[in-house]
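*Asks:* Going line by line, the protein sequences match chains A and B. Take the first sequence: its letters are residues 116 to 315, numbered as in my numbering. Take the second sequence: its letters are residues 930 to 1179, numbered as in my numbering.
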Amino acid sequence: MSATQIDAGTAAPQTFVIPTPVATRSLGASLLTSEAEKPIRKNSPRIADVTASTAVLSLEESLFDNAANLKIAFAAIAMHLSPDWRRVIFKQLDRLLDSASWEEDSALIAFPPFITFLRFVIYAAPTRFPSLGVSPKGHILAAWLCPPQQIAVEFLEADKAVATFSIQTARSREVIAWRGHVADLKDFIQRNGLGDCVGN
Amino acid sequence: MTSSEHITQTPYKKPPIVEAVLAIHFFESVPVKVIDTFAAKKKRGFPRSEDIIEMTFATNLKDSHKNSSAKVGIKLTSADGSRVIIFKHDQFALIHLAPYTDWDSLYNETRDHWESLTKILKHRNISYFSTRYVNRVDIPVEGDGGIDLQKYFNIGITIPPTAKSLLLEHFTTATTLMAPDGSYRFLIQFSKAPPALIDCMSFSVDIDLITSGAHPKRDGEAWEFVKSLRQAKNDLFEACITEETRKLFE
């Protein structure tokens, strides 16, 4: 029946349901019900299938959400890291996102730079754990301290980072600044003789 | 090596599973009050609770349109983010996130939650079960920046030889397979995923097993039936990948 054939006085209300998460969407159901006599069966839900929320988030809830989302992101590539990495990173995330030590200028941790950090860790495979921090913009910061040398990295989105290297020479303390793709950061660290600092 | 030999071996050192789901689907809608009571009982282990809202848009030519929204379920998250419960009016699901441990943990935890639920849910109206395993396979790219799909997967797409110089940006396939005795179906979604690692291509092998025949009605027998699904889902995943892929998980 086309729209012009509907009798305005008798047409039944049309109901639409939005949004349509995969769990209840027709993709799984229609594929599974190609035989007309079969009842519609929904597929198993995934986390991404549902949009869930609370009305207003308290600080504690915001911090919990931030930590939970980062931990879930970590979990998605955790198979490439040792369990020690999971323990150390989770502990530091909990410290950074602890409401008891939260200050006015503290920032939540932005998701894309955290992903860059994880991708760097798997690619460069450091064996020493960094100390983590958060920049005012929410970028994750990582520092490898091996006195008198030091590597400090600010991870940005899209696999980019900025870093400073502090090196003690015979005459003075030199600081080298670097910016680029994190895949090149590993080479840069090694070229400057700081491989031991990150443990590779 | 046959697929059944693989599941008797030690689990993979680097399991590719990013999400494992065991779900119970209901004939009749579970009242929101029951869902909220369950969430309250689980608050200690799952401190984060979020509402799942369904929005309805109704219209007819006479009355214009009406919008409404209603809570249809909850999403509960454990403190470490490794477990999620999605409990909607028509389904209850426990989700394990990576690093994946084993089927027994998923099965036993789901069963424990179900036993908690049956104390507040008077009618055990199970319609069917489903279990879904989302695997992400990360494959290092070869010298030309691509990979040979046939080297790693026994499922997927074929690219014409004349197009092999082009960069594979995306594909997705969906396939359903029915068990010979009609007791379950598989929905396999195989697709290219965003690269999880530097210098790698990632692929998602998403296998959902959905029971389709009658299942035992008594709780104990029903759960034994669920336990029996493990072999089928393992066999299918192993059949979808090659020996080269297995090497990546070691």
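Even glycine gets a Cβ: it sits at the ideal position worked out from N, Cα and C. These numbers come from a predicted model, not from an experiment.
Taking the runs of the beta strand (DSSP E) that are 3 residues or longer, which of them lie wholly in the stretch 979 to 1036 of chain B?
*Replies:* 993 to 1006, 1012 to 1017 and 1020 to 1026
*Asks:* Leaving aside the five residues before and after Cys261/A along the sequence, list all residues of the same chain whose C-beta is less than 6 Å from its C-beta, in chain order.
*Replies:* Along the first sequence, one-based indexing puts residue 261/A at 146. So the list reads Cys312, once near-sequence residues are dropped.
*Asks:* Return the first residue and the last residue of the beta strand (DSSP E) that Trp259/A is part of.
*Replies:* The residue you call residue 259/A lines up with position 144 of the first sequence. Counting along the chain, the beta strand (DSSP E) containing Trp259/A begins and ends at Ile255 to Cys261.
*Asks:* Quick check on the DSSP output: the alpha helix (DSSP H) that includes Leu212/A runs from which residue to which?
*Replies:* On the first sequence, position 97 is the one that residue 212/A refers to. Looking at the DSSP string, Leu212/A is not in any alpha helix (DSSP H), and its letter there is neither H nor E.
*Asks:* Three-state secondary structure (DSSP) at Gly1093/B?
*Replies:* On the second sequence, residue 1093/B is found 164 positions in, with the first residue counted as 1. Note on residue identity: the sequence assigns Lys, not Gly, to residue 1093/B. Of the three classes helix, strand and coil, the one that applies to Lys1093/B here is coil, per DSSP.
*Asks:* So, under 8 Å CB-CB, Ile304/A and Ile266/A are touching, yes? Tell me the CB distance rounded to an integer number of Å.
*Replies:* Mapped onto the first sequence, residue 304/A falls at position 189. Mapped onto the first sequence, residue 266/A falls at position 151. Rounded, the Cβ-Cβ distance is 7 Å, consistent with contact.
*Asks:* Is the Cβ of Ala183/A closer than 8 Å to any Cβ of chain B?
*Replies:* On the first sequence, position 68 is the one that residue 183/A refers to. By this cut-off, Ala183/A is an interface position.
*Asks:* Taking Val1013/B as the query, report the chain A residues whose CB atoms sit under 9 Å from its CB, ordered along the chain.
*Replies:* Taking the first residue of the second sequence as 1, we reach residue 1013/B at position 84. At a beta-carbon threshold of 9 Å, the residues of chain A lying near Val1013/B are Ile162 and Ile187, ordered along the chain.
*Asks:* Report yes if the C-beta distance between Ile1049/B and Phe967/B is below 8 Å; otherwise report no.
*Replies:* Sequence index remark: in the second sequence, residue 1049/B carries index 120 (1-based). Sequence index remark: in the second sequence, residue 967/B carries index 38 (1-based). Contact flag set, yes.
*Asks:* Mind checking whether Ser1112/B and Ser1141/B have CB atoms under 8 Å apart?
*Replies:* Position 183 of the second sequence, counted from the first residue, corresponds to residue 1112/B. Position 212 of the second sequence, counted from the first residue, corresponds to residue 1141/B. Their beta carbons are under 8 Å apart, which means Ser1112/B touches Ser1141/B by this criterion.
*Asks:* Is the beta carbon of Ile946/B less than 8 Å from the beta carbon of Ala298/A?
*Replies:* Position 17 of the second sequence, counted from the start, is the residue given in the question as residue 946/B. Position 183 of the first sequence, counted from the start, is the residue given in the question as residue 298/A. Not closer than 8 Å, so no.
*Asks:* Just to confirm, are Val959/B and His1042/B a CB contact at a threshold of 8 Å?
*Replies:* Here the question's residue 959/B lines up with position 30 in the second sequence. Here the question's residue 1042/B lines up with position 113 in the second sequence. It is not a contact, given that the beta carbons lie outside the stated cut-off.
*Asks:* Taking only three categories from DSSP, how would you classify Val1070/B?
*Replies:* Locating residue 1070/B in the second sequence gives position 141, counting from the first residue. When DSSP states are grouped into helix, strand and coil, Val1070/B belongs to the coil group.
*Asks:* Hey, could you find the ends of the beta strand (DSSP E) Phe280/A is sitting in?
*Replies:* Working through the first sequence from its first residue, we reach residue 280/A at position 165. Residues Lys275 to Gln283.
*Asks:* By Cβ distance below 6 Å, which residues in the same chain neighbour Arg1061/B in space, the five residues on each side in sequence not counted?
*Replies:* On the second sequence, residue 1061/B is found 132 positions in, with the first residue counted as 1. Within the same chain, Arg1061/B has close Cβ partners Val950 and Asp1137.
*Asks:* Does the Cβ of Gln1020/B have 16 or more other Cβ atoms within 10 Å, making it buried, or fewer, making it exposed?
*Replies:* Your numbering for residue 1020/B matches position 91 in the second sequence. By the 10 Å Cβ count, Gln1020/B comes out buried.
*Asks:* Could you tell me which chain A residues have their CB closer than 7 Å to the CB of Val947/B, listed as they occur along the chain?
*Replies:* Taking the second sequence and counting its residues from 1, the one referred to as residue 947/B is at position 18. Here the neighbours are Ala191.
*Asks:* Roughly how many angstroms separate the alpha carbons of Val1134/B and Pro944/B, rounded to a whole number?
*Replies:* Locating residue 1134/B in the second sequence gives position 205, where the first residue counts as 1. Locating residue 944/B in the second sequence gives position 15, where the first residue counts as 1. The straight-line gap from Cα to Cα measures roughly 13 Å.
*Asks:* Starting from Val165/A, find everything on chain B with Cβ-Cβ shorter than 7 Å and list it in chain order.
*Replies:* For the purposes of this step, residue 165/A is identified with residue 50 of the first sequence, where counting begins at 1. The answer, in chain order, is Ile981, Lys1004 and Ile1015.
*Asks:* Quick check on DSSP: helix, strand or coil for Asp965/B?
*Replies:* Start at 1 with the first residue of the second sequence, and residue 965/B comes out as number 36. The answer is helix: DSSP assigns Asp965/B an H, G or I state.
*Asks:* Taking the alpha-carbon positions, what's the Ala276/A to Ala182/A distance?
*Replies:* As a first step, residue 276/A is located in the first sequence; it is residue number 161 there, counting from the start. As a first step, residue 182/A is located in the first sequence; it is residue number 67 there, counting from the start. Going from the Cα of Ala276/A to the Cα of Ala182/A covers about 22 Å.
*Asks:* Do Lys1156/B and Tyr1036/B have their beta-carbon atoms positioned less than 8 Å apart in this structure?
*Replies:* On the second sequence, residue 1036/B is found 107 positions in, with the first residue counted as 1. On the second sequence, residue 1156/B is found 227 positions in, with the first residue counted as 1. Closer than 8 Å, so yes.
*Asks:* Out of curiosity, what's the CA-to-CA distance linking Asp209/A and Lys186/A?
*Replies:* What you label residue 209/A is simply residue 94 of the first sequence in a count that begins at 1. What you label residue 186/A is simply residue 71 of the first sequence in a count that begins at 1. Straight-line Cα distance between these residues: approximately 10 Å.
*Asks:* Report buried or exposed for Val1066/B, applying the criterion of at least 16 other Cβ atoms within 10 angstroms of its Cβ.
*Replies:* On the second sequence, position 137 is the one that residue 1066/B refers to. When all chains shown are included, Val1066/B counts as buried.
*Asks:* Report yes if the CB atom of Leu247/A is closer than 8 Å to the CB atom of Leu256/A, and no otherwise.
*Replies:* Counted from its first residue, the first sequence places residue 247/A at position 132. Counted from its first residue, the first sequence places residue 256/A at position 141. Yes, the Cβ-Cβ distance between Leu247/A and Leu256/A is below 8 Å.
*Asks:* Under 8 Å Cβ to Cβ from Gln207/A, same chain only, skipping five residues before and after it: list those, please.
*Replies:* By 1-based counting over the first sequence, the position of residue 207/A is 92. Answer for Gln207/A: Ser246 and Leu247, listed in chain order.
*Asks:* Which chain B residues are close to Phe303/A, counting only those with a beta carbon under 8 Å from its beta carbon?
*Replies:* Here residue 303/A corresponds to residue number 188 of the first sequence, with the count starting at 1. Under the 8 Å cutoff, chain B gives no residues; its nearest Cβ is about 15 Å from Phe303/A.
*Asks:* Applying the criterion that 16 or more other CB atoms from any shown protein chain within 10 Å of the CB defines a buried residue, is Ala144/A buried or exposed?
*Replies:* Looking up residue 144/A in the first sequence gives position 29. Because the pLDDT of Ala144/A is 30, which lies under 50, any placement of that residue in the model is unreliable, and the question is left without a value.
*Asks:* Would you kindly work out how many angstroms separate the C-alpha atoms of Tyr941/B and Val249/A, rounded to a whole number?
*Replies:* Walking along the second sequence from the start, residue 941/B turns up at place 12. Walking along the first sequence from the start, residue 249/A turns up at place 134. Straight-line Cα distance between these residues: approximately 35 Å.
*Asks:* In the structure shown, what three-state DSSP assignment does Ile1170/B receive?
*Replies:* For the purposes of this step, residue 1170/B is taken as residue 241 along the second sequence, with counting starting at 1. The answer is strand: DSSP assigns Ile1170/B an E or B state.
*Asks:* Compare the C-beta of Thr1030/B with all C-beta atoms of chain A and state if any pair is closer than 8 Å.
*Replies:* Against the second sequence, residue 1030/B aligns to sequence position 101. Chain A, which has no Cβ nearer than 8 Å to the Cβ of Thr1030/B, makes this no.
*Asks:* Among all the DSSP beta bridges, which residues are the ones paired with Ile953/B?
*Replies:* In the second sequence, counting from the first residue as 1, residue 953/B sits at position 24. The partner list for Ile953/B (beta bridge, DSSP) reads Phe1021/B and Phe1058/B.
*Asks:* For Ala298/A, go through chain B and note every residue whose CB falls closer than 8 Å to its CB, in chain order.
*Replies:* Here residue 298/A is taken as the residue at index 183 of the first sequence, counted from 1. Within 8 Å Cβ-Cβ: Ile1127 and Asp1128.
*Asks:* Sort out for me which residues DSSP pairs Tyr1113/B with in a bridge.
*Replies:* As a working mapping, residue 1113/B is identified with position 184 in the second sequence. Tyr1113/B pairs with Thr1140/B.
*Asks:* Within 8 Å (strictly less), CB to CB, does Asn158/A reach chain B?
*Replies:* In the first sequence, the residue the question calls residue 158/A occupies position 43. True, the Cβ-Cβ gap to chain B drops below 8 Å.
*Asks:* Alpha carbon to alpha carbon, how far is Glu1173/B from Phe956/B? Give it in angstroms, no decimals.
*Replies:* As a first step, residue 956/B is located in the second sequence; it is residue number 27 there, counting from the start. As a first step, residue 1173/B is located in the second sequence; it is residue number 244 there, counting from the start. Cα to Cα, the separation comes out at about 43 Å.
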